[in-house]
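Notes for the one structure printed next.
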Amino acid sequence: MNFTRLRIVLAVLLLLAAAGGAFSYFKYRKISTYLIDQIGGQAGKKLGREVKFSGVAFSPLKGIVIRDVCVSRPPDFSRGNFFCAKKAVIRPQLTALLRNRVYFSKVAFESPVLKVREKGGRWDFEDLLALLPETQKGLYLTWNASEVELENAELQADLETSGLSLALEGADLRLEHYSALGGNYGLSAEGTLKSAVKGKLLAAEVELEADGNFDYAGLASTKGDLKITGASYGEITLESLKAGWALFNIRKPLADRNYSVSFQAERLTVPANGNKIRDQVAEGLKLFSAAMGKAAPRIEDMEMSSLSFSLNLDDSVLSLKDLALRSNFLNLDAGLAINGPAKTADAALKAAIGANELEMSAAGPMAEPRIKPLLSATLSSRFKAALANVEQELLRIFPVTGDK
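As structure tokens, this is what we get:
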């Protein structure tokens, strides 16, 4: 009796599961057909660009598979390609389909090529990437998709304002959207970065992990890590660079912002042949050498084993901490803190050039800091000028004193 009852219960459960599966399948197929029609006829009108592809198919396991898809620059392909991919796979989210909503669990592109341009501080894809959906514009895959993935991608960027052109080749990129009701995103990317700068090739391997939180006005907070390895620029080489950041309350007044940035670079080599960097470093060494009462050393090849520092902004106090430079021309430890409301600064440094060492500090009002130990009037004024230049550059980015 119990065995028969169990069989009946199991049969009912199987029927319910089958019915639910069939219902989900037909809902899935219905929305897939709708999306195929949209891609085939309406997408170009909504995007203000032409869309073409060699074929579209439906797969119960993968979703909508679009082959050889291309999107033009506005208004049509006579202006060139904006985006092309060997294959695009769009997978609707089943649970959303059951509620008659269109969300995507994953959108994936195979071997995509994306070409973007910047002019006057504006990007040519702003109309496609609005963070909050507006029904009269675009598809907003970055909003409606839980995950967007690019495999073996090539990203090209022309920045007219700076005159730079950047390319990220062989890139794997993954963008995750954590909330259907808010702008919480996670980005991971890696690839080979290349650029031509003043006639020389800049190349490096890049890895990025970042999180961002957006509100209606834009980016509200972000944190992440960047790693660059095997970098080269002409004859200049850098073995590795690591940077991390946590930026909160970005859109609030400066006094409410909380920023933390760390930086570490290792094994930088700058050959002596005709590099302006070497000449600039030599000028800086003259100041330290004069304070030590020694002649500035002659610099040939520059070899920096490490450089690290951290930058913090909290309660209108800006701190450059734990600056440590180790090289064949100078060993330097330094720090600087600027109290914005009080308009005061505290700085300290310890420098060693060969066997010669210098240790000094500066404190007090930014306009007239007290230098220790006492130096000649000429050297004191030069150190104050150098300190003022550093402070000015930091305050240009973070005006914590309230002065513009």
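Under the working numbering, the first residue of the sequence shown carries the number 126, and numbering increases by one thereafter. Don't be surprised by glycine CBs; every beta carbon is placed ideally from N, CA and C.
Between the CA atoms of residue j and residue i - distance to the nearest angstrom
i: Lys411; j: Glu285; result: 38 Å
i: Glu175; j: Gly205; result: 10 Å
i: Val214; j: Val194; result: 11 Å
i: Glu334; j: Leu372; result: 14 Å
i: Gly308; j: Asp336; result: 10 Å
i: Lys509; j: Val515; result: 10 Å
i: Ala397; j: Gly355; result: 20 Å
i: Gly146; j: Leu327; result: Low per-residue confidence applies at Gly146: pLDDT is 46, beneath 50, and the placement is therefore not dependable enough to give any value.
i: Val322; j: Asp528; result: 34 Å
i: Trp248; j: Phe454; result: 43 Å
i: Gly246; j: Lys377; result: 22 Å
i: Leu519; j: Lys177; result: 49 Å
i: Val273; j: Glu315; result: 15 Å
i: Lys446; j: Ile522; result: 17 Å
i: Gly91; j: Leu512; result: With the chain covering 126 to 529 only, the question about residue 91 has no answer from this structure.
i: Leu438; j: Gly173; result: 43 Å
i: Phe250; j: Ala282; result: 11 Å
i: Tyr228; j: Val181; result: 19 Å
i: Val137; j: Leu293; result: Only weak support exists for where Val137 lies, its pLDDT of 46 falling under 50; the coordinates are left without a value.
i: Ser501; j: Lys475; result: 18 Å
i: Leu448; j: Pro494; result: 20 Å
i: Val406; j: Pro498; result: 24 Å
i: Ala368; j: Ala233; result: 29 Å
i: Asn383; j: Trp370; result: 11 Å
i: Gln517; j: Asp350; result: 27 Å
i: Val190; j: Ala296; result: 21 Å
i: Leu186; j: Gln218; result: 12 Å
i: Arg423; j: Asp458; result: 21 Å
i: Asp381; j: Pro237; result: 41 Å
i: Leu436; j: Ala420; result: 33 Å
i: Phe183; j: Cys209; result: 20 Å
i: Val196; j: Ser203; result: 12 Å
i: Ile463; j: Ser385; result: 15 Å
i: Leu450; j: Thr503; result: 26 Å
i: Tyr111; j: Glu364; result: No answer is possible for residue 111: the residues shown for the chain start at 126 and end at 529.
i: Ser179; j: Pro200; result: 20 Å
i: Phe530; j: Glu425; result: In the structure as shown, the chain begins at 126 and stops at 529. Residue 530 is therefore absent and cannot be evaluated.
Endpoints, the beta strand (DSSP E) within which residue i is located
i: Lys231; result: Phe229 to Glu235
i: Leu284; result: Glu272 to Leu284
i: Val238; result: Val238 to Lys244
i: Arg392; result: Asn383 to Val395
i: Lys212; result: Asn206 to Pro217
i: Arg192; result: Gly188 to Ser197
i: Asn288; result: Checking the sequence, you will find Gly at residue 288 rather than Asn. From DSSP, Gly288 is part of no beta strand (DSSP E); its letter is neither H nor E.
i: Ala490; result: Reading off the sequence, residue 490 comes out as Pro, not Ala. It spans Asn481 to Pro490 - the beta strand (DSSP E) in which Pro490 sits, taken as one unbroken run.
i: Thr347; result: Gly343 to Tyr358
i: Asp340; result: Lys325 to Asp340
i: Asp439; result: Met427 to Asp439
i: Lys367; result: Ile361 to Phe373
i: Ser444; result: Val442 to Ser452
i: Leu312; result: Gly308 to Val322
i: Val181; result: Gly180 to Ser184
i: Arg495; result: Arg495 to Lys497
Whole-angstrom C-beta distance between residue j and residue i, which should lie under 8 Å
i: Ser271; j: Ser230; result: 5 Å
i: Ser444; j: Leu379; result: About 15 Å; that fails the 8 Å criterion.
i: Phe207; j: Arg198; result: 5 Å
i: Ser452; j: Met427; result: 7 Å
i: Glu332; j: Lys352; result: 4 Å
i: Ser357; j: Ile375; result: Not confirmed; about 33 Å, so no contact.
Proximity below 7 Å, CB of residue i to CB of residue j
i: Ser320; j: Leu291; result: yes
i: Thr394; j: Thr362; result: yes
i: Leu239; j: Leu280; result: yes
i: Ala278; j: Leu298; result: yes
i: Gly465; j: Val525; result: yes
i: Ser506; j: Ile496; result: no
i: Arg242; j: Lys212; result: no
i: Asn456; j: Ala480; result: no
i: Glu330; j: Glu276; result: no
i: Gly288; j: Lys325; result: no
Residue range of the alpha helix (DSSP H) that includes residue i
i: Ala467; result: Ala467 -> no alpha helix (DSSP H), and no H or E assigned at all.
i: Ile522; result: Ala502 to Ile522
Q. Are the segment 458-471 and the segment 485-492 in contact at 8 Å, needing three or more beta carbon pairs?
A. yes
Q.
Contact between the segment 431-445 and the segment 384-391 is defined here as three or more beta-carbon pairs at a separation below 8 Å; is this criterion met?
A. yes
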